[in-house]
Amino acid sequence: MLRALLMPLLAVLLPGMAVAATATQDGNPAYVVIQAGELLAVPGEAPKRNQTLVIRGQEVLAVRDGILGAEAVADAAGAPVTVIDLRGHFVMPGLMDVHTHLMWSGADHPPKKADKMTEADLTLWALRNARTKLLAGFTTVREQASAPHPLFALRDWINAGRFLGPRILAAGNPITAPGGHGDMTKEDINPLDIHASNLCSGVEGCRNAVRIQHKMGSDVIKMMATGGFADNTGIDQRFFFDEMQAIVDTAHQLGLIVGTHAYATDAVATAVRAGVDSVEHGFGADDATLRLMKQKGIYLVPTLSVAQQGAIREYREKDRAFERALKIGVPIAFGSDDGGIPHRLSTREFGYMVEAGMSPAAALQAATINAARLLRIDGEAGTLEPGKLADIIAVRRSPLEDVRVLEDVDFVMKSGRVAKQAGQPQATILD
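Position 355 of the sequence shown, counted from 1, bears residue number 552 in our numbering, the numbering being contiguous throughout.
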């Protein structure tokens, strides 16, 4: 069904683009040599000038000093070697956004009311936004709650290499209390997921809700510890401690991380005591809770992009939790909450983080190494080291000097496939 839906879109969305192959016709991995004027292989360390990356198939094979050509591949054995000249660029690992909603588009959303959106509508928006995210430099995203069936289908197509988009770790339905943020049954008019598999009360009910999301195919769990601004459910705590702990313990038993949407001070504190892996927003967190987050290694995902206007801005500016978290040393992972804002604007989050006191170097770490550690994929992504995935971006100036250059990424490679070069898309939607 998804193929039938997507095929007519090819000529409209990505006309005249060629596939960047990662393998030869006989199945052997192809080689790509990237000449980097400046390379930040491991965010947090100093970048190096005049480096060469050797890519074999989907992975980084080697990182070598100096600018080398095809001779950098000693064992090509007749396999084709493509040389990409990025000598005028700053090259670094692909970006990660750990709080995104691919099925929603902020102010870019069509005038069609949300409760009238069909699965076909949602799939098309997710398709469009996944492309936007990848071309902006995001090679991995954690999708923090969208309609599960079309989302999981899109995730599977992308992660299988059939569709070129960011790698997706998907939450599907968020776990919420009846009447809470993300309860799509409140008015009983949304045809999607009205079976309320994500609603829970009590310890046993919340354990079961997590198990159901896992069975449906969730990679991660999203918990709604408070209400939200988007659906006018308030900002107060919605679960008791034992319910939150049941959600967290069950998810961890199943090997899933838990990110919690949380605004109010007491809700953030309760979720942290329950052992969540990340706090999303966290605008009301007090210093005691932030210190406990540091002690436990719980990440703050600040989502400053959605706090630039209205009631959320007033709430964030009142407590300045992000600024206090920086001083205390809470680990930070990059998350824009796009879907609440247009996906094309998600890289502005870097500028907001730096304006609030974060160093550019730390902001890059938040979107690479830190995000990978939170998602438990740091063994395969987050740095450009031999054996890791060839997720690579390039910009024309150093983001360590001006982080806003990340708002105009010039080159994107994901898993060894070039998606964008010289500022232009390079790959088709479907393999």
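Heads up, the beta-carbon is just placed ideally off N, CA and C, and yes, glycines get one too.
- Runs of alpha helix (DSSP H) with 4 or more residues, each lying fully within the segment 417-472, are found at 438-450 and 462-471, listed in chain order.
- Counted as a single uninterrupted DSSP element, the beta strand (DSSP E) harbouring Leu236 occupies residues Tyr228 to Leu236.
- Contact annotation: the segment 505-514 does not touch the segment 260-280, with fewer than three C-beta pairs closer than 8 Å.
- DSSP lists no bridge partner for Thr500.
- Pairing Val257 with Ala568 gives a Cβ-Cβ distance that is not under 8 Å.
- Under the three-state reduction of DSSP output, Glu604 falls in the helix class.
- Only residues of its own chain outside the window of five on either side were considered, and among them Gly456, Thr457, Ala459, Val465, Ala468, Val469, Ala482, Met490, Ile495, Tyr496, Leu497 and Val498 have a CB closer than 8 Å to the CB of Val476, listed in chain order.
- Out of Ala238, Pro345, Asp262 and Asp474, the CA that lies nearest to the CA of Glu316 is found in Pro345.
- Residue burial annotation: Gln621 is exposed, with fewer than 16 other C-beta atoms found within 10 angstroms of its C-beta.
- A buried status is given to Phe335, since no fewer than 16 other beta-carbon atoms sit within 10 Å of its beta-carbon.
- For Met490, the enclosing alpha helix (DSSP H) begins and ends at Asp484 to Lys493.
- Scanning its chain for C-beta atoms nearer than 6 Å, with the 5 sequence neighbours on each side dropped, one finds around Ile409 the residues Ser394, in chain order.
- Between Ala504 and the set Gly425, Met289 and Leu332, the nearest pair of CA atoms involves Gly425.
- When secondary structure is reduced to three states using DSSP, Val527 falls in the coil class, being assigned neither helix nor strand.
- The C-beta of Phe608 has 16 or more other C-beta atoms within 10 Å across all chains shown, which makes the residue buried.
- Excluding its 5 nearest sequence neighbours in each direction, Thr462 has C-beta neighbours in its own chain below 6 Å: Gly481 and Asp483, listed in chain order.
- Assignment of beta strand (DSSP E) within the segment 326-401, counting only whole runs of 3 or more residues, yields 335-340 and 364-367 in chain order.
- Within the same chain, no Cβ atom closer than 6 Å to the Cβ of Arg570 is found once the five residues on either side in sequence are excluded.
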